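In this note's numbering, the protein residues as written are 2 to 169. For reference, the structure discussed in these notes is given below.
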């Protein structure tokens with residue numbers, strides 16, 4: 002594990018993000034594709050979007066921490082697909098996939114071993130997506146007519162102060 006300046010890792014992480022990364026909370030990996038890195042309130046911040054219906058949402062609410070584990074380019078495709086379709090409520094994804102945890106370095110959540118980049122974060126702010134304020138085309142594309150949840154199953158947006166950023 003090599004600690005790095007977080008800014009040096011932002012571009013690499015953002016390049017990989019459309020292919021997926023793992024949001025890690027209490028040993029539960031969830032596939033994410035929406036994530037932002039930058040400086041807010043003078044601090045390095047990683048912003049993630051988690052639907053209220055997701056198991057990871059309840060875990061972040063409980064712990065106030067998360068780690069974003071970014072795979073090396075063009076690796077872990079099967080793992081990303083599996084973790085994007087299965088819930089930690091009823092599946093031990095780590096066990097099913099034979100994955101290992103990477104112990105946290107700065108008091109955050111453990112990361113996912115085998116990923117090239119790790120961002121340990123502490124939630125410093127959260128806000129709820131208010132779909133009525135969203136552009137109509139975006140709302141239809143990403144929230145549509147979700148029959149299971151009349152509110153469209155909006156995301157909570159978590160702003161995490163980056164406690165540590167490192168390359169495995």
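Even glycine gets a Cβ: it sits at the ideal position worked out from N, Cα and C. Quick caveat: nothing in here was measured; it's all calculated off a predicted structure.
Endpoints, beta strand (DSSP E) assigned at residue i
| i | result |
| --- | --- |
| residue 87 | Unbroken run through residue 87: none, as it is neither H nor E. |
| residue 22 | 22-26 |
| residue 133 | Unbroken run through residue 133: none, as it is neither H nor E. |
Sub-8 Å separation of residue i and residue j beta-carbons
| i | j | result |
| --- | --- | --- |
| residue 36 | residue 18 | yes |
| residue 162 | residue 44 | yes |
| residue 61 | residue 159 | yes |
| residue 101 | residue 82 | no |
| residue 157 | residue 53 | yes |
| residue 130 | residue 72 | no |
| residue 22 | residue 69 | yes |
| residue 144 | residue 153 | yes |
| residue 95 | residue 34 | no |
| residue 132 | residue 104 | no |
Extent of the continuous alpha helix (DSSP H) to which residue i belongs
| i | result |
| --- | --- |
| residue 141 | 137-143 |
| residue 156 | Segment 156-168 is the beta strand (DSSP E) holding residue 156; no alpha helix (DSSP H) there. |
| residue 13 | 7-17 |
| residue 110 | Taken as a continuous stretch (DSSP letters only), residue 110 belongs to no alpha helix (DSSP H), as it is neither H nor E. |
| residue 98 | 94-98 |
Beta-carbon contacts of residue i that lie in its chain and below 6 Å, excluding the five residues immediately before and after
| i | result |
| --- | --- |
| residue 75 | none |
| residue 66 | 109, 110 and 123 |
Proximal residues to residue i (C-beta, below 8 Å), its chain only, five neighbours per side dropped
| i | result |
| --- | --- |
| residue 148 | With a pLDDT of 49 at residue 148, under the threshold of 50, the predicted position of this residue should be treated as unreliable, though the coordinate-derived value follows. Answer for residue 148: no residue qualifies. |
| residue 7 | 38, 45, 120, 163 and 166 |
| residue 40 | 46 |
CB-CB length for residue i against residue j, believed under 8 Å
| i | j | result |
| --- | --- | --- |
| residue 85 | residue 32 | 3 Å |
- Message: Which complete alpha helix (DSSP H) runs does the segment 31-90 hold, if anything under 4 residues is left out?
- Response: Whole alpha helix (DSSP H) segments, 4+ residues: 56-64 and 78-86.
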